[in-house]
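J.:
Protein chains: 2
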Amino acid sequence: MTIPSPGPFTGRTLDGLGRDLRSGRTTSAELTALALDAIAGGAELNAFVTVDAAGAAEAARRADEELAAGIDRGPLHGIPAGVKDLIMIAGMRVTMGSRHFAGHVADADAACVARLRRAGAVVVGTTTTHEFAYGPTGDRSAGGAARNPWDPSRMTGGSSAGSGAAVGAGLVPLALGTDTGGSVRIPAALCGAAGFKPAYGAIPADGVFPLSRTLDHVGVLAATASCCLLAYQALTGARLPEDPVGEVRVGWLEPGSLFPADPRVAAAARAAAGQVEGETRMAPEVLELFRETYLAIQSGETAAVHAGRLAAAPDLFDPEVLDRLRQAAELPAWRYVRALDARRELEEHAEALFGPYDVLATPTVPILAPPIGAREAEAGGERIQVRAALLGMTSPWNVLGRPALTVPAGLVDGLPVGLQLVARPGGEARLFAAARRTEAGGQG
Amino acid sequence: MTIPSPGPFTGRTLDGLGRDLRSGRTTSAELTALALDAIAGGAELNAFVTVDAAGAAEAARRADEELAAGIDRGPLHGIPAGVKDLIMIAGMRVTMGSRHFAGHVADADAACVARLRRAGAVVVGTTTTHEFAYGPTGDRSAGGAARNPWDPSRMTGGSSAGSGAAVGAGLVPLALGTDTGGSVRIPAALCGAAGFKPAYGAIPADGVFPLSRTLDHVGVLAATASCCLLAYQALTGARLPEDPVGEVRVGWLEPGSLFPADPRVAAAARAAAGQVEGETRMAPEVLELFRETYLAIQSGETAAVHAGRLAAAPDLFDPEVLDRLRQAAELPAWRYVRALDARRELEEHAEALFGPYDVLATPTVPILAPPIGAREAEAGGERIQVRAALLGMTSPWNVLGRPALTVPAGLVDGLPVGLQLVARPGGEARLFAAARRTEAGGQG
């Protein structure tokens with residue numbers, strides 16, 4: 001799995017970088033300079049919106065001073081990181097990928113950025129987001145589409161498009177994203193990175209521009225599941241056992257029961273999952289209820305965020321985003337209320353679906369990264385909608401707020417495939433244990 | 001304040017009835033027979049939908065046996081009570097005042113009915129509700145309008161219309177109601193009874209047919225505030241101090257800042273409130289936010305309850321209810337989501353409005369009971385909508401879930417006026433202390 005143009009962090013783990021920093025083989029200043037150079041050199045990917053070279057250099061200098069003085073903030077100390085362009089960074093331009101906020105400067109750090117800094121990481125800049133995070137393709141943003149490092153004519157997936165591109169291309173070893181229906185996992189999968197959407201609320205969303213408040217999750221993108229785990233622990237204070245947690249039962253969730261899948265993609269993910277304890281399927285009526293519930297909750301909450309702008313300055317929206325927002329604004333309230341009820345019902349369906357398994361495995365995305373701008377594609381002999389396909393495997397786990405992870409699962413036609421692993425509530429230790437057990441998790 | 005046709009429980013308190021029961025001056029069987037006779041004799045009021053004479057007689061017999069055996073369930077022991085016709089009573093016909101449920105028999109007791117029975121009360125029957133509780137006038141119900149015992153050509157108010165008529169006419173000394181925007185307090189006030197809407201959730205709503213789940217409150221109607229307090233304590237296990245709880249600061253909330261009021265009604269309520277510590281006003285923009293928030297939450301939640309019936313059998317609804325449901329079904333979801341936000345904002349506005357006061361006093365309803373069927377009226381020289389007027393003083397306290405009480409405040413033109421008292425969260429003891437202090441609370 002070799003990327004055409006490797007970056008300075010391609011093949012590097014947070015663990016390895018941390019060892020190099022502490023052994024004196026490198027410095028945060030050096031890593032940060034590598035990142036800044038690579039970002040400049042990889043400009044065609046459009047992974048970053050705003051780069052704070054001076055601020056990053058200063059933060060790296062402090063990180064190095066602290067390490068030299070014996071102050072060690074842990075695994076993220078001195079690590080350069082990108083932050084999605086709708087997560088507030090004090091004093092920086094944060095645009096939400098929108099012309100509405102073209103000149104917007106955040107006045108305070110989001111909670112997750114404050115935690116990132118406390119953990120010693122070096123914020124190098126903001127990464128491209130699909131406009132207002134409202135789209136899983138990552139190709140509609142005020143600053144233009146992010147481009148897939150494995151083939152720049154293809155989309156990164158989104159909405160954390162630049163975070164996926166930046167980590168996938170090895171420009172930075174770590175990035176923050178947000179995930180409302182798959183927006184961390186989709187670009188991670190399509191760009192060859194790992195990505196973790198923790199349980200709802202595990203990383204607080206304060207200071208993150210909302211898309212859909214009961215579905216929005218803050219997550220992390222990095223090279224491997226183990227890197228994601230380090231970052232997750234650093235950002236939450238969670239401590240998961242690194243040793244086996246006893247038997248972990250993994251079930252293969254038949255992807256076709258969620259969405260028509262490219263058989264090559266399904267096969268690659270299945271191979272990466274390795275030996276599993278069994279297979280399961282989502283019943284069509286449960287799938288339909290997941291889809292309706294996701295759409296209703298997201299539509300109502302997103303339209304509430306943008307009602308003022310929709311009325312006052314609709315022309316500043318990207319036309320596709322505008323069209324979707326207008327549809328969302330028409331959803332009747334009673335459907336939203338029903339969806340809140342359905343959520344409780346879906347908890348029970350999910351319990352039945354998990355059955356004897358601790359972790360369910362699927363492809364993260366059932367298709368390969370489509371060309372930028374594509375809205376229709378083919379999968380499994382069917383004509384499919386690209387947005388629906390991208391979200392098809394991921395969005396149910398936002399409805400339920402369950403922890404979900406994507407890990408690289410090899411290449412098909414030279415493009416990355418992701419394996420998604422989903423846990424029960426509180427099942428993070430088993431989730432990462434399952435990742436270590438898979439073919440995919442064993443690489444990295 | 002003498003009603004034209006007094007009933008057997010006119011002028012009787014739960015306390016007095018309890019003394020008579022325990023001294024042997026009466027029995028539950030006798031009280032129940034009085035209630036059943038009065039209900040039959042007062043049929044023109046249409047206060048009751050279904051009467052369970054045999055079940056009530058049997059429950060009364062058991063209550064008497066228990067008392068004779070020294071088993072005393074407290075202040076409701078042996079007391080005949082009416083239950084609004086959308087609160088489930090096992091084995092009884094419960095119709096929601098709707099042709100959709102004309103033959104519906106409940107299979108289990110609602111939680112509040114189970115508590116009522118455990119407290120020893122005797123359920124005599126179901127009381128008329130406005131269809132699906134969706135209206136404060138009480139004059140649209142499958143079994144016809146309830147009629148005001150002070151003038152049967154006038155409405156009772158609703159939606160707990162029959163509970164108001166039954167207690168106001170002295171047919172029973174106690175009734176259960178539900179209050180989503182004022183549906184306990186409005187009919188209590190217009191029929192000359194006291195009515196208490198406890199804090200949200202204080203009496204569980206399980207087994208109550210929903211109108212708007214985050215606004216629905218179960219409450220009680222009885223002759224006086226003290227009777228309501230006895231019933232509330234019996235149904236919740238709450239124990240409030242009967243002695244003064246220190247100084248209780250009452251503020252007069254200028255009714256005109258909520259809705260145009262009949263000046264005679266306002267004056268009667270103000271007189272009943274007695275000496276107050278000061279006056280306050282609701283700002284127009286806060287009022288507007290209360291109105292919008294109430295309407296959005298109720299519309300979304302109510303339409304969610306009835307969406308299936310609206311699609312499948314619209315003609316079974318009363319035409320006015322149908323028209324309102326269809327409007328409610330069109331409310332966009334984003335307005336509901338915004339309303340949930342506004343609710344939090346309104347908490348802060350309410351704190352400012354209460355300011356130094358523990359309890360706010362207003363008229364319960366700003367007008368006298370209008371003729372049955374009336375939808376427009378005059379108040380303070382303005383043409384007003386009857387539904388909006390009825391709800392004008394009461395609905396804000398449902399948005400916030402605050403405890404609110406109405407007590408009789410005399411007559412204007414031979415029709416009852418209510419004084420509403422509203423407390424801060426947790427302020428029940430001060431609320432009832434304020435009621436005892438008022439002119440109104442001192443009577444009864």
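Just so you know, the sequences run in chain order E and X.
Quick note: the first sequence uses the UniProt record's numbering, first residue 1, plus one each step.
Quick note: the second sequence uses the UniProt record's numbering, first residue 1, plus one each step.
Glycine is no exception: its CB is placed at the ideal position from the N, C-alpha and C atoms.
Is the shortest distance between the beta-carbon of S299 (chain X) and the beta-carbons of chain E less than 8 Å?
T.: Here residue 299 (chain X) refers to the residue found at position 299 when the second sequence is read from its first residue. Cβ-Cβ to chain E under 8 Å: yes for S299 (chain X).
J.: Please list the terminal residues of the continuous alpha helix (DSSP H) segment that includes residue 520 (chain X).
T.: The displayed coordinates of chain X run from 1 to 444. Any statement about residue 520 (chain X) would go beyond what the structure contains.
J.: Helix or strand or just coil, what does DSSP make of Q385 (chain E)?
T.: Position 385 of the first sequence, counted from the start, is the residue given in the question as residue 385 (chain E). Note: Q385 (chain E) maps to strand in three-state DSSP.
J.: With DSSP as the reference, identify every bridge partner of G427 (chain E), one or two as the case may be.
T.: In the first sequence, the residue the question calls residue 427 (chain E) occupies position 427. The partner list for G427 (chain E) (beta bridge, DSSP) is empty, contrary to what the question assumes.
J.: My assumption, with CB atoms under 8 Å, is that G7 (chain X) sits in contact with G42 (chain X). Please give the rounded CB distance.
T.: The count along the second sequence starts at 1 and reaches residue 7 (chain X) at position 7. The count along the second sequence starts at 1 and reaches residue 42 (chain X) at position 42. Between G42 (chain X) and G7 (chain X) the Cβ distance is about 7 Å, and since that is below 8 Å, they are a contact.
J.: Do G392 (chain E) and P408 (chain E) have their C-beta atoms within less than 8 Å of each other?
T.: Taking the first residue of the first sequence as position 1, residue 392 (chain E) is located at position 392. Taking the first residue of the first sequence as position 1, residue 408 (chain E) is located at position 408. The criterion of a C-beta distance shorter than 8 Å is not satisfied by G392 (chain E) and P408 (chain E).
J.: With 16 other CB atoms within 10 Å as the buried threshold, where does G414 (chain X) fall?
T.: Translated into positions along the second sequence, residue 414 (chain X) becomes position 414. Under a 10 Å Cβ-count criterion, G414 (chain X) is classified as exposed, with fewer than 16 other Cβ atoms of the shown protein chains found around its own Cβ.
J.: Which chain X residues sit within Cβ distance under 8 Å of E330 (chain E)?
T.: The sequence position of residue 330 (chain E) within the first sequence is 330, counting from 1. Listed along the chain, the chain X residues whose CB falls inside 8 Å of the CB of E330 (chain E) are P332.
J.: Please classify P363 (chain E): is it buried, with 16 or more other beta-carbons within 10 angstroms of its beta-carbon, or exposed?
T.: Along the first sequence, one-based indexing puts residue 363 (chain E) at 363. Counting Cβ neighbours within 10 Å, P363 (chain E) comes out buried, since at least 16 surround it.
J.: Taking all protein chains shown into account, decide if G355 (chain E) is buried (16 or more other Cβ within 10 angstroms of its Cβ) or exposed.
T.: The sequence position of residue 355 (chain E) within the first sequence is 355, counting from 1. Result: exposed.
J.: Does the CB of A161 (chain X) have a neighbour CB from chain E at under 8 Å?
T.: Numbered from its first residue, the second sequence carries residue 161 (chain X) at position 161. Answer no: the Cβ-Cβ gap between A161 (chain X) and chain E never drops below 8 Å.
J.: Do the CB positions of P403 (chain E) and L230 (chain E) come within less than 8 Å of each other?
T.: Numbered from its first residue, the first sequence carries residue 403 (chain E) at position 403. Numbered from its first residue, the first sequence carries residue 230 (chain E) at position 230. Going by C-beta atoms, P403 (chain E) is not nearer than 8 Å to L230 (chain E).
J.: Distance, Cα to Cα, E44 (chain E) vs A175 (chain E)?
T.: The residue you call residue 44 (chain E) lines up with position 44 of the first sequence. The residue you call residue 175 (chain E) lines up with position 175 of the first sequence. The alpha-carbon atoms of E44 (chain E) and A175 (chain E) are separated by roughly 19 Å.
J.: Does the distance from the CB of L310 (chain X) to the CB of L295 (chain X) come in under 8 Å?
T.: As a first step, residue 310 (chain X) must be located in the second sequence, where it is residue number 310. As a first step, residue 295 (chain X) must be located in the second sequence, where it is residue number 295. No, they are not a contact pair.
J.: Check the Cβ of A303 (chain X) against every Cβ in chain E and list those closer than 8 Å, keeping chain order.
T.: Along the second sequence, one-based indexing puts residue 303 (chain X) at 303. Residues of chain E passing the Cβ test: P332, A333, W334, V337.
J.: The beta strand (DSSP E) that contains G177 (chain E), what's its start and end?
T.: If you number the first sequence from 1, residue 177 (chain E) lands on position 177. Here the beta strand (DSSP E) through G177 (chain E) covers 174-179.
J.: Three or more C-beta pairs under 8 Å: does that hold for the segment 252-265 of chain E against the segment 273-292 of chain E?
T.: yes
J.: Keeping to the same chain, check which residues put their C-beta closer than 6 Å to that of D179 (chain X); ignore five residues upstream and five downstream.
T.: If you number the second sequence from 1, residue 179 (chain X) lands on position 179. Contacts found: K197, H217, G219.
J.: Report the CB separation of G162 (chain E) from A146 (chain E) in whole angstroms; it is logged as a contact under 8 Å.
T.: Walking along the first sequence from the start, residue 162 (chain E) turns up at place 162. Walking along the first sequence from the start, residue 146 (chain E) turns up at place 146. That belief holds up - the Cβ atoms of G162 (chain E) and A146 (chain E) are roughly 5 Å apart, short of 8 Å.
J.: Assuming F132 (chain E) is part of the beta strand (DSSP E), what are its boundary residues?
T.: Here residue 132 (chain E) corresponds to residue number 132 of the first sequence, with the count starting at 1. Looking at the DSSP string, F132 (chain E) is not in any beta strand (DSSP E), and its letter there is neither H nor E.
J.: Tell me the residue span of the alpha helix (DSSP H) that contains V349 (chain X).
T.: Looking up residue 349 (chain X) in the second sequence gives position 349. In the sequence as presented, Val is not what sits at residue 349 (chain X); that position holds His. Segment 333-354, the alpha helix (DSSP H) holding H349 (chain X).
J.: What is the rounded straight-line gap between the Cα of A110 (chain X) and the Cα of L431 (chain X)?
T.: Stepping through the second sequence from its first residue, residue 110 (chain X) is reached at position 110. Stepping through the second sequence from its first residue, residue 431 (chain X) is reached at position 431. Spanning the two alpha carbons is a distance of roughly 27 Å.
J.: Does the beta carbon of A307 (chain E) sit closer than 8 Å to a beta carbon anywhere in chain X?
T.: In the first sequence, counting from the first residue as 1, residue 307 (chain E) sits at position 307. Yes, A307 (chain E) counts as interfacial toward chain X.
J.: Where does residue 463 (chain X) land, buried or exposed, given buried means 16+ other C-beta within 10 angstroms?
T.: The question about residue 463 (chain X) has no answer here: the residues shown for chain X are numbered 1 through 444.
J.: Assuming L411 (chain E) is part of the beta strand (DSSP E), what are its boundary residues?
T.: The residue given as residue 411 (chain E) occupies position 411 in the first sequence. Annotation for L411 (chain E): the continuous beta strand (DSSP E) segment containing it runs 404-412.
J.: Give the list of continuous alpha helix (DSSP H) stretches no shorter than 4 residues that lie fully inside the segment 193-276 of chain E.
T.: Taken in chain order, the complete alpha helix (DSSP H) segments of 4 residues or longer contained in the segment 193-276 of chain E are 225-236, 263-273.
J.: Terminal residues of the continuous alpha helix (DSSP H) containing G82 (chain X)?
T.: By 1-based counting over the second sequence, the position of residue 82 (chain X) is 82. From DSSP, G82 (chain X) is part of no alpha helix (DSSP H) but of the beta strand (DSSP E) over 80-84.
J.: On the DSSP bridge assignment, give the partners of F48 (chain E) in chain order.
T.: Translated into the one-based positions of the first sequence, residue 48 (chain E) becomes position 48. In DSSP, F48 (chain E) forms a bridge with E:T127.
J.: Over the uninterrupted alpha helix (DSSP H) stretch that includes E292 (chain E), give me the two end residues.
T.: Taking the first sequence and counting its residues from 1, one reaches residue 292 (chain E) at position 292. That run of the alpha helix (DSSP H) goes 284-312.
J.: Need the endpoints of the alpha helix (DSSP H) that E167 (chain X) sits in, please.
T.: Residue numbering aside, residue 167 (chain X) sits at position 167 when the second sequence is read from its first letter. The identity of residue 167 (chain X) in the sequence shown is Val, whereas the question assumes Glu. Its alpha helix (DSSP H) spans residues 161-168.
J.: Less than 8 Å between the CB atoms is what I'm expecting for T95 (chain E) and D107 (chain E), so what's the real figure, rounded?
T.: The count along the first sequence starts at 1 and reaches residue 95 (chain E) at position 95. The count along the first sequence starts at 1 and reaches residue 107 (chain E) at position 107. Contact flag wrong, Cβ pair sits at about 15 Å.
J.: Less than 8 Å separating the beta-carbons of A81 (chain X) and V172 (chain X)?
T.: Here residue 81 (chain X) corresponds to residue number 81 of the second sequence, with the count starting at 1. Here residue 172 (chain X) corresponds to residue number 172 of the second sequence, with the count starting at 1. A contact, by the Cβ cut-off of 8 Å.
J.: Please report the straight-line C-alpha distance between C112 (chain E) and G308 (chain X), rounded to a whole angstrom.
T.: Here residue 112 (chain E) refers to the residue found at position 112 when the first sequence is read from its first residue. Here residue 308 (chain X) refers to the residue found at position 308 when the second sequence is read from its first residue. Approximately 43 Å, taken between the alpha carbons.
J.: Just confirm the distance between the C-beta atoms of G251 (chain E) and Y357 (chain E), as a whole number of angstroms; I'd bet it's less than 8 Å.
T.: On the first sequence, residue 251 (chain E) is found 251 positions in, with the first residue counted as 1. On the first sequence, residue 357 (chain E) is found 357 positions in, with the first residue counted as 1. The Cβ separation is near 3 Å, so the contact holds.
J.: What is the DSSP secondary structure of I3 (chain X), counted as helix, strand or coil?
T.: The count along the second sequence starts at 1 and reaches residue 3 (chain X) at position 3. Reduced to three states, the DSSP call for I3 (chain X) is coil.
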